[in-house]
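Single-structure report; data block below.
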Amino acid sequence: MPSPKRRIQIGAALIVAGVVALLYSIVVTQELLLGVSIALSFLVIAVFVYYGGTDRKTLTRVTIGVTIVYGAVSLQLPLAIIAACAVYLSAWLTGPDSPFDAPDTEIFPVKQTATEDTGEEQ
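Sequential numbering of the sequence shown, starting at 0, is according to numbering that gives the first Met the number 0.
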């Protein structure tokens, strides 16, 4: 995990990239909706990188989140959900439960809610 100073630098660079993309979409292409969705996506990435670091688990969550945010803002939510599922499935294929027996990624940890039955009567 990068140092806090490095995470701030990465986050600031992502925010600047989002602002530049927004300005480009307004001035050059004159498509405000596209620029806003890209800027929001960069903002979400910056927040996740700042708080979660840049490990594989965080970046996969960021990719899924950004895909959904971009799809919602650009009015393409059904396609964004399909793309997010593709990201999750590709992350699963590289995890320990995959058919390829890849190393553990544990993107979304599963919490066990059921209590174990010891078989003893009280």
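Cβ atoms here follow ideal geometry from the backbone N, Cα and C, with glycine treated the same way. All figures in this text were calculated on a predicted structure; none of them were measured in a lab.
Starting from the Cα of residue i, find the closest Cα among the options and give me that residue.
| i | options | result |
| --- | --- | --- |
| I80 | G10, G70, V15 | G70 |
| F41 | V27, I9, T28, L31 | I9 |
| I37 | V68, P77, Y49 | V68 |
| L92 | T59, L76, L74 | T59 |
| V86 | T62, P77, L76, L78 | T62 |
Looking only at its chain, what residues have a beta carbon closer than 8 Å to the beta carbon of residue i, apart from the 5 residues adjacent to it on each side?
| i | result |
| --- | --- |
| L31 | S24, I25 |
What does the alpha-carbon distance come out to for the pair residue i and residue j?
| i | j | result |
| --- | --- | --- |
| V72 | V46 | 18 Å |
| V48 | A16 | 14 Å |
| G64 | I7 | 20 Å |
| L39 | K4 | 23 Å |
| L21 | V35 | 6 Å |
| L88 | I14 | 28 Å |
I believe residue i touches residue j by the beta-carbon criterion, under 8 Å. Please report the beta-carbon distance rounded to the nearest angstrom.
| i | j | result |
| --- | --- | --- |
| A83 | T66 | 5 Å |
Excluding five sequence neighbours on each side, which residues of the same chain lie with their C-beta closer than 6 Å to the C-beta of residue i?
| i | result |
| --- | --- |
| V43 | G64, V65, V68 |
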